[in-house]
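Reading through the structure tokens given below for one structure.
Residue numbers (this note's numbering), protein chains in the order written: chain A, -10 to 119; chain B, 9 to 140.
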């Protein structure tokens, strides 16, 4: 089928979008931040696995270090999860509709689950546990 | 874009390249990242069950402490340390260093060695501290 679009119309939008650098750098910045955070998280996971509910609540309420670092770990971790899976989807899913659905799903899952996790950490840390 | 996607020329890559260590570890970096996406969701469930109270948290700990749960946690430990080590090599590459063939291959070997050693160390510590 012959296309009535002009050569310029066909070419538009196929080149560099001029905003890729920002997301590329954001993925690396979160990666650097996650190096110390993930080591702390593994160490914390070992302590949490050895204790029960009351021990975990005590761990999260005894000082401001654990809730703050756990909150940062969740926020930075979910930002990195979103950035990483976004690149995977953009690389392998070529069908425009499936790609759009998966990119939206990735964003919404990361935002919703991340928000639920941060809220839960704050709730326990600020003494709202029951 | 109403036009159907046209076949674009592709450089031959996976079909003609011999498998080598830097290539395999890079692919595994992506795979471990996808696995850790699931790990992030488990982390969120940890926080939510803790906020929900002792009963929910007890169920969470029972599920994660079961045999299938432990296998998942072991795999996630391995994926964590692997993704961490390979991620550092990728950051060095992003900074423009370490492209020498010998250095790159050594980094890939170091990544695998670190992931296995750190995972075993964590699970030995877990067994000794009663975390299992």
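The beta-carbon is built from N, C-alpha and C at its ideal position, and this holds for glycine as well.
| Query | Result |
| --- | --- |
| Can you tell me which of the three DSSP states residue 7 of chain A falls into? | coil |
| Strictly below 9 Å CB to CB, what residues from chain A border residue 31 of chain B? | Chain A residues near residue 31 of chain B: none, gap ~15 Å exceeds 9 Å. |
| Taking the C-alpha atoms as reference points, what is the distance between residue 78 of chain B and residue 123 of chain B? | 18 Å |
| Starting from the beta carbon of residue 35 of chain B, find every residue of chain A whose beta carbon is closer than 7 Å, and list them in chain order. | By Cβ distance, chain A contributes nothing, its closest Cβ being about 11 Å from residue 35 of chain B, past 7 Å. |
| According to DSSP, is residue 71 of chain A helix, strand or coil? | helix |
| Does residue 91 of chain B pass the burial test, meaning 16 or more other C-beta atoms within 10 Å, or should it be called exposed? | buried |
| Is the stretch 55 to 63 of chain B touching the stretch 103 to 111 of chain B, taking contact as three or more C-beta pairs under 8 Å? | no |
| Determine the chain A residues that contact residue 71 of chain B at a beta-carbon separation under 9 Å, and present them in chain order. | Ordered by position in chain A, no residue passes the 9 Å Cβ test against residue 71 of chain B, which lies about 13 Å from the chain. |
| Any Cβ of chain A within less than 7 Å of the Cβ of residue 5 of chain B? | Limits of chain B in this structure are 9 at one end and 140 at the other, which puts residue 5 of chain B out of reach. |
| Mind listing which residues of the stretch 114 to 137 of chain B have their C-beta closer than 8 Å to chain A's C-betas, in chain order? | 130, 133, 134, 137 |
| Taking only runs that begin and end inside the stretch 44 to 79 of chain B, name each unbroken alpha helix (DSSP H) of 4 or more residues, in chain order. | 62 to 73 |
| Taking all protein chains shown into account, do 16 or more other C-beta atoms lie within 10 angstroms of the C-beta of residue 24 of chain B, making it buried, or fewer, making it exposed? | exposed |
| What does residue 41 of chain B touch in chain C if you count any residue whose Cβ is under 7 Å from its own? | The structure shown contains no chain C; its protein chains are A and B. |
| Could you name the residues of the same chain whose beta carbon sits closer than 6 Å to that of residue 118 of chain A, not counting the 5 residues immediately before and after it, in chain order? | Annotation note: pLDDT 44 at residue 118 of chain A (below 50); position unreliable, no value reported. |
| Residue 60 of chain A to residue 82 of chain A, Cα distance in whole Å? | 32 Å |
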